[in-house]
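Undergrad: In order, the protein sequence lines correspond to chains A and B. Going letter by letter, the first sequence gives residues 1 to 459 in full-length UniProt numbering. Going letter by letter, the second sequence gives residues 1 to 459 in full-length UniProt numbering. All C-beta atoms, glycine included, are put in the ideal place defined by N, C-alpha and C. Provided herewith is a single structure, encoded as structure tokens, for subsequent inquiry.
Protein chains: 2
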Amino acid sequence: MNNYIEKNKQRFLDELIEFLKIPSVSADPKFDGDMQKAAEWISQKLTDAGLDKAEICETAGHPVVYAEKIVDESLPTILIYGHYDVQPADPYELWNSPPFEPVIKKTKIHPDGAIFARGACDDKGQIYMHVKAIEMMMAEGGLPCNVKVMFEGEEEVGSENLETFIKENKERLAADIILISDTSIIANDIPSVETGLRGLSYMEVEVVGPNRDLHSGVYGGAVANPANVLAKMIASLHDENGKVTVEGFYDKVIELSAEERDALEAAPFDEEEYKNDLDVNAVTGETGYTTRERAAIRPTLDVNGIWSGYVGEGSKTVLPSKANAKISMRLVPDQDWKEISELFEKHFKAIAPDTVKVKVSRHHGGQPYVTPTDSIGYMAAFKAMEEAFGKTPVPTRGGGSIPIVALFEEVLGLKSILFGFGLDSDALHSPNEHYGLFNFYKGIEAIPLFFKNFAELSK
Amino acid sequence: MNNYIEKNKQRFLDELIEFLKIPSVSADPKFDGDMQKAAEWISQKLTDAGLDKAEICETAGHPVVYAEKIVDESLPTILIYGHYDVQPADPYELWNSPPFEPVIKKTKIHPDGAIFARGACDDKGQIYMHVKAIEMMMAEGGLPCNVKVMFEGEEEVGSENLETFIKENKERLAADIILISDTSIIANDIPSVETGLRGLSYMEVEVVGPNRDLHSGVYGGAVANPANVLAKMIASLHDENGKVTVEGFYDKVIELSAEERDALEAAPFDEEEYKNDLDVNAVTGETGYTTRERAAIRPTLDVNGIWSGYVGEGSKTVLPSKANAKISMRLVPDQDWKEISELFEKHFKAIAPDTVKVKVSRHHGGQPYVTPTDSIGYMAAFKAMEEAFGKTPVPTRGGGSIPIVALFEEVLGLKSILFGFGLDSDALHSPNEHYGLFNFYKGIEAIPLFFKNFAELSK
Numbered sequence: 001m002n003n004y005i006e007k008n009k010q011r012f013l014d015e016l017i018e019f020l021k022i023p024s025v026s027a028d029p030k031f032d033g034d035m036q037k038a039a040e041w042i043s044q045k046l047t048d049a050g051l052d053k054a055e056i057c058e059t060a061g062h063p064v065v066y067a068e069k070i071v072d073e074s075l076p077t078i079l080i081y082g083h084y085d086v087q088p089a090d091p092y093e094l095w096n097s098p099p100f101e102p103v104i105k106k107t108k109i110h111p112d113g114a115i116f117a118r119g120a121c122d123d124k125g126q127i128y129m130h131v132k133a134i135e136m137m138m139a140e141g142g143l144p145c146n147v148k149v150m151f152e153g154e155e156e157v158g159s160e161n162l163e164t165f166i167k168e169n170k171e172r173l174a175a176d177i178i179l180i181s182d183t184s185i186i187a188n189d190i191p192s193v194e195t196g197l198r199g200l201s202y203m204e205v206e207v208v209g210p211n212r213d214l215h216s217g218v219y220g221g222a223v224a225n226p227a228n229v230l231a232k233m234i235a236s237l238h239d240e241n242g243k244v245t246v247e248g249f250y251d252k253v254i255e256l257s258a259e260e261r262d263a264l265e266a267a268p269f270d271e272e273e274y275k276n277d278l279d280v281n282a283v284t285g286e287t288g289y290t291t292r293e294r295a296a297i298r299p300t301l302d303v304n305g306i307w308s309g310y311v312g313e314g315s316k317t318v319l320p321s322k323a324n325a326k327i328s329m330r331l332v333p334d335q336d337w338k339e340i341s342e343l344f345e346k347h348f349k350a351i352a353p354d355t356v357k358v359k360v361s362r363h364h365g366g367q368p369y370v371t372p373t374d375s376i377g378y379m380a381a382f383k384a385m386e387e388a389f390g391k392t393p394v395p396t397r398g399g400g401s402i403p404i405v406a407l408f409e410e411v412l413g414l415k416s417i418l419f420g421f422g423l424d425s426d427a428l429h430s431p432n433e434h435y436g437l438f439n440f441y442k443g444i445e446a447i448p449l450f451f452k453n454f455a456e457l458s459k
Numbered sequence: 001m002n003n004y005i006e007k008n009k010q011r012f013l014d015e016l017i018e019f020l021k022i023p024s025v026s027a028d029p030k031f032d033g034d035m036q037k038a039a040e041w042i043s044q045k046l047t048d049a050g051l052d053k054a055e056i057c058e059t060a061g062h063p064v065v066y067a068e069k070i071v072d073e074s075l076p077t078i079l080i081y082g083h084y085d086v087q088p089a090d091p092y093e094l095w096n097s098p099p100f101e102p103v104i105k106k107t108k109i110h111p112d113g114a115i116f117a118r119g120a121c122d123d124k125g126q127i128y129m130h131v132k133a134i135e136m137m138m139a140e141g142g143l144p145c146n147v148k149v150m151f152e153g154e155e156e157v158g159s160e161n162l163e164t165f166i167k168e169n170k171e172r173l174a175a176d177i178i179l180i181s182d183t184s185i186i187a188n189d190i191p192s193v194e195t196g197l198r199g200l201s202y203m204e205v206e207v208v209g210p211n212r213d214l215h216s217g218v219y220g221g222a223v224a225n226p227a228n229v230l231a232k233m234i235a236s237l238h239d240e241n242g243k244v245t246v247e248g249f250y251d252k253v254i255e256l257s258a259e260e261r262d263a264l265e266a267a268p269f270d271e272e273e274y275k276n277d278l279d280v281n282a283v284t285g286e287t288g289y290t291t292r293e294r295a296a297i298r299p300t301l302d303v304n305g306i307w308s309g310y311v312g313e314g315s316k317t318v319l320p321s322k323a324n325a326k327i328s329m330r331l332v333p334d335q336d337w338k339e340i341s342e343l344f345e346k347h348f349k350a351i352a353p354d355t356v357k358v359k360v361s362r363h364h365g366g367q368p369y370v371t372p373t374d375s376i377g378y379m380a381a382f383k384a385m386e387e388a389f390g391k392t393p394v395p396t397r398g399g400g401s402i403p404i405v406a407l408f409e410e411v412l413g414l415k416s417i418l419f420g421f422g423l424d425s426d427a428l429h430s431p432n433e434h435y436g437l438f439n440f441y442k443g444i445e446a447i448p449l450f451f452k453n454f455a456e457l458s459k
């Protein structure tokens, strides 16, 4: 660890803890005030780090925080993107410590300690690495590239208003590359750089049967039960080979070459450890693909939530009037999320029996994305990782989605570099989310190396 | 309507309203105080009606209210059974008026008005008919039979502690027949007497996958999703003919003869009206049976509740750690609810894939029941209905369950007469439950006629 980080590590951590205490949950309106508070807090820190023109830009939803430092028009410009909003913390009862009261605990994977809190890794901890890396570069000889920072507050709800924002701010956002730390590395001793992300289509369905909840004794057996019908419809969305049955779902999927697949398999992976970590006896998925392929280069369909009827204490002999589910699909190149959303809606309505009425609505989505490994940006990231970890990193494909990335390319004509430092085991989106202190400080160390390499390779 | 009822109709109604205002929900511990209150209230009314030895008998659960009047050892004794507990009222938002603030409203089916409140028909309104009928008989020349009254507080949660109570009180409960008003007639102009009831087995299942909620992007496609797995398991519980697939489920089902089926079909029924009332385009169920048969003489399996993952506002890209469901089965002679519960548990565990762990637990259950139509009790009820309505009643089979009825026969050696006055459209167990004033007063008029007929036929 370099001297500057060493000298300031406790302050960096204290500041992050302060940031994590703000429950900036974008999905739930009751946290709107905290969203504003988080935006103001991070905006102030960008100014403190030495950036100019820090601004809280209002949108139709939660604000975008922007700041920049143009040191020399002739230097390349790096646009840093990240998000200050977090996933809902529930189920709260499964957290070992309150999600918005950060605590430091050692774990087997994080012997130096990890900070436990919602957003610790996704993405507050990772965007704060950039703020501190900028502070460090400014304090030690200045920035080797111009920098622009854009932190949004709606990533966890589909970045609904960011599209308008970037379209209206093309000039201001002009840059050479976008740098994003919102992904993970394979392990703390196996650095990696992601070469792509999956897209997303998030839907909600409602199956309506009788116009009221019914007595299951008086009507049971004679009237379609929406909960049973929804279960049957969901079951039919996968075939016996684990393939999604939505008509046309795979039409645009690009199959990877044997070489590409081998390259991805080359990265270390222990399936037994994977199963032990999740406490499952067996893994499953699409026939003909490995666990890592299923979670990265193949499209999927998952129920994210389902509810119907009586779910309280004890029993209620009711035949529910309706049943609902949240269903999302992860997409790969060249699936188009809008097209898939339409195909899903069409298919789901088509398989509904005439005993029920079906409603299908969209939450949000995003396109899949691939980073060219021969680009200056990718090479700069690769080298920075190598220097920071003292090890050659492994190229990987991420299974998650950052919907906005594909849009950046479309609107701003810019490629994004996925420069993340989390671990898949950090419980993102789960109770007890955490982020290793090692990863936090390593990121602060690696970011300036990316700036240096990108400046040099751009010459 | 006879003079006594005419003179006292407003008071009878006011008293019932007072009774319905007590939220005696047995399933939810937070209403325990109200359960006690309801028991004390109805006990006082039994004393006011002229019965002796009114007592609130404590059990391991909610108390049993008992009272009796032995007018002459040589006369036959009628044991009246009913329950003062009600189903949970949620979903509250679907009630047009608060469930525990009774209001009188006219409806198409109830032009004289109906009282809207949880428990109005099931079963507070119907047990109160007995209390007022007894008051009337006592006021007008006395009881033609001895009477014993037993109102329990756990019918809606499976009468768990009533079995112990009746076993410990065989002497006290000695009688010639049991009279129960907790069922329905076909229509206000089509009186009917039920000849049987379905049994019940109420189960709860839990499907556990990964040990924590997971990020659906990082793990989706590679790990079994408990919500998808549960949907698939539930879907498999019915075959393409609507038959329940639980191994051995139909082994003990007694098929009715063509004659018996014809007799049941003889009762008036309008399927279009039935569909319109429920606002469904089509009915469905077991192939080879009519709507009424599916809801009465055939066993069924229904999901009463299902929940998993994120069910809040907006979206959460989570792969849930577990999924739960409440599943109940209606049974017909000679299915045994304990055996069926075991078969279900065995079957459900057998169909679980090795990617998940499954837990199965029982809520409660009860045996199916049939009343012999040639018994004195049934004939007395048939005649009483005929005299009260001025029309020959129709024999029917009820689809609901009163688990305790089979137990009465087993423990006390007594047959039960299902002497109910509700309508299936009264929204039992649903929001906006109601009970027609016509039905309420007609019941008070018919009960003394049963007493008279039973005394005469017993000579």
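(1) Decide if Ala-282(A) is buried, meaning its Cβ has at least 16 other Cβ atoms within 10 Å, or exposed.
(2) From Ala-175(B), Val-157(B) and Ser-216(B), pick the residue whose C-alpha is nearest to that of Ala-455(B); which is it?
(3) If the cut is a Cβ gap below 7 Å, which residues of chain A does Glu-93(B) touch?
(4) Are the Cβ atoms of Gly-61(A) and Glu-154(A) separated by less than 8 Å?
(5) Mind listing the chain B neighbours of Gly-305(A)? Cutoff is C-beta to C-beta under 9 Å, in chain order.
(6) Buried or exposed: Tyr-202(B), going by 16 or more other Cβ atoms within 10 Å of its Cβ?
(7) So which residues on chain B does Thr-300(A) lean against when the C-beta distance must stay under 7 Å?
(8) Return the residue from the list Asn-146(A), Gly-196(A), Phe-151(A) and Lys-167(A) that minimises the CA-CA distance to Ile-177(A).
(9) Just how far apart, CA to CA, sit Arg-118(B) and His-434(B)?
(10) Between the region 280 to 291 of chain A and chain B, which residues of the former have CB atoms less than 8 Å from a CB of the latter, in chain order?
(11) Does chain B have any CB closer than 8 Å to the CB of Ala-352(A)?
(12) DSSP has Arg-362(B) in a bridge; who is on the other side?
(13) Please confirm whether Asp-424(B) has its beta-carbon closer than 8 Å to some beta-carbon of chain A.
(14) Threshold first: 3 residues or longer. Then list the beta strand (DSSP E) segments lying entirely within the region 119 to 189 of chain A, N to C.
(15) Which chain A residues are close to Asn-453(B), counting only those with a beta carbon under 9 Å from its beta carbon?
(16) Whole angstroms is fine: what's the gap from Phe-450(A)'s alpha carbon to Gly-314(B)'s?
(17) What do you get for Glu-6(A), buried or exposed, if any count of 16 or more other CB atoms within 10 angstroms of its CB means buried?
(18) Confirm, please, whether the CB-CB distance from Pro-395(B) to Val-370(B) is below 8 Å.
(19) Using 8 Å as the cut-off, can you tell me whether the region 321 to 330 of chain A makes contact with the region 297 to 312 of chain A, which would need three or more C-beta pairs spanning the two stretches below that distance?
(20) Can you name the residues of chain A whose CB is closer than 9 Å to the CB of Asn-211(B)?
(21) What residues from chain B crowd round His-363(A), counting only those whose CB sits closer than 9 Å?
(22) Comparing C-alpha positions only, which one of Asp-354(A), Pro-353(A), Lys-357(A) and Ser-328(A) sits nearest to Phe-344(A)?
(23) Quick one: list the residues of chain B neighbouring Thr-107(A), beta-carbon separation under 7 Å, in chain order.
(24) By the three-class DSSP mapping on this structure, what secondary structure does Gly-196(A) have?
(25) Hey, would you say Asn-432(A) sits closer than 8 Å to Phe-116(A), going by beta carbons?
(26) Per DSSP, Ile-417(B) forms a beta bridge with which residues?
(27) Nearest chain B C-beta to Thr-22(A) closer than 8 Å, yes or no?
(28) In three-state DSSP terms, what is Tyr-289(B)?
(29) DSSP on residue 460(B), reduced to helix/strand/coil?
(30) What does the alpha-carbon distance come out to for the pair Asp-302(A) and Val-131(A)?
(31) How big is the Cα-Cα spacing for Pro-372(B) and Asn-241(B)?
(32) Applying a beta-carbon distance threshold of less than 8 Å, which residues of chain B neighbour Thr-355(A)?
(33) Based on Cα-Cα distance, which residue from Gly-199(B), Leu-51(B), Tyr-441(B) and Ala-39(B) lies nearest to Gly-142(B)?
(34) How far does the beta strand (DSSP E) with Ala-89(A) in it reach, from first residue to last?
(35) Note down, in chain order, each residue of its chain lying with its Cβ closer than 6 Å to the Cβ of Pro-23(B), except the 5 sequence neighbours on either side.
(36) Do you know offhand how far Gly-220(A)'s Cα is from Thr-300(B)'s?
TA: On the basis of the coordinates in this document:
(1) Classified as exposed, Ala-282(A) has fewer than 16 neighbouring CB atoms from the shown chains inside 10 Å of its CB.
(2) Looking only at Ala-175(B), Val-157(B) and Ser-216(B), the smallest Cα-Cα distance to Ala-455(B) is reached by Ala-175(B).
(3) In chain A, no part has a C-beta under 7 Å from the C-beta of Glu-93(B); the shortest such distance is about 12 Å.
(4) Contact flag set, yes.
(5) Ala-227, Trp-307, Ser-308, Gly-309, Tyr-310, Val-311, Gly-312, Ser-315, Lys-316, Val-318 and Pro-320, listed in chain order.
(6) Within 10 angstroms of the beta-carbon of Tyr-202(B) lie 16 or more other beta-carbons, which makes it buried.
(7) Close partners of Thr-300(A) in chain B (Cβ separation under 7 Å): Gly-220 and Gly-221.
(8) The shortest C-alpha separation from Ile-177(A) is found at Asn-146(A).
(9) Going by the C-alpha atoms only, they are around 7 Å apart.
(10) Listed by position, the residues of the region 280 to 291 of chain A near chain B (Cβ gap below 8 Å) are Val-280, Asn-281, Ala-282, Val-283, Thr-284, Gly-285, Glu-286 and Thr-291.
(11) So no, Ala-352(A) is outside the interface.
(12) Residue pairing by DSSP places Arg-362(B) opposite Met-203(B) in a beta bridge.
(13) Chain A, which has a Cβ nearer than 8 Å to the Cβ of Asp-424(B), makes this yes.
(14) Annotation: the region 119 to 189 of chain A contains the following complete segments of the beta strand (DSSP E) (minimum length 3 residues), in chain order: 146 to 152 and 177 to 180.
(15) The contacting residues do not exist; Asn-453(B) stays about 28 Å from chain A at best.
(16) As the crow flies, the alpha-carbon of Phe-450(A) is around 36 Å from that of Gly-314(B).
(17) With fewer than 16 other Cβ atoms within 10 Å, it is exposed.
(18) In terms of Cβ geometry, Val-370(B) and Pro-395(B) do not form a close pair [threshold 8 Å].
(19) Flag = yes, the region 321 to 330 of chain A and the region 297 to 312 of chain A touch.
(20) Among the residues of chain A, those whose CB is under 9 Å from the CB of Asn-211(B) are Asp-277, Leu-278, Asp-279 and Val-280, following chain order.
(21) Neighbours of His-363(A) in chain B, taken as residues at a C-beta separation under 9 Å, are given in chain order as Gly-314 and Ser-315.
(22) The shortest C-alpha separation from Phe-344(A) is found at Ser-328(A).
(23) Correct list: empty, because the minimum Cβ distance to chain B is about 14 Å.
(24) Three-state result, Gly-196(A): strand.
(25) Less than 8 Å divides the Cβ of Asn-432(A) from the Cβ of Phe-116(A).
(26) Paired residue(s): Leu-179(B).
(27) It is worth fixing the name first, because residue 22(A) is Ile in this sequence and not Thr. Closer than 8 Å: no.
(28) Reduced to three states, the DSSP call for Tyr-289(B) is coil.
(29) This structure cannot settle anything about residue 460(B), because the visible part of chain B is limited to 1 through 459.
(30) Going by C-alpha positions, Asp-302(A) is about 35 Å away from Val-131(A).
(31) Taking the straight line joining both Cα atoms gives about 32 Å.
(32) Proximity of chain B to Thr-355(A) at the Cβ level (cut-off 8 Å) is accounted for by Val-280, Asn-281, Ala-282, Val-283 and Thr-284, in chain order.
(33) Ranking the options by Cα distance to Gly-142(B), first place goes to Leu-51(B).
(34) Note, Ala-89(A): premise wrong, no beta strand (DSSP E); not H, not E.
(35) Hits under 6 Å: Phe-31, Asp-34 and Phe-100.
(36) Answer to the nearest angstrom: the Cα atoms are 7 Å apart.
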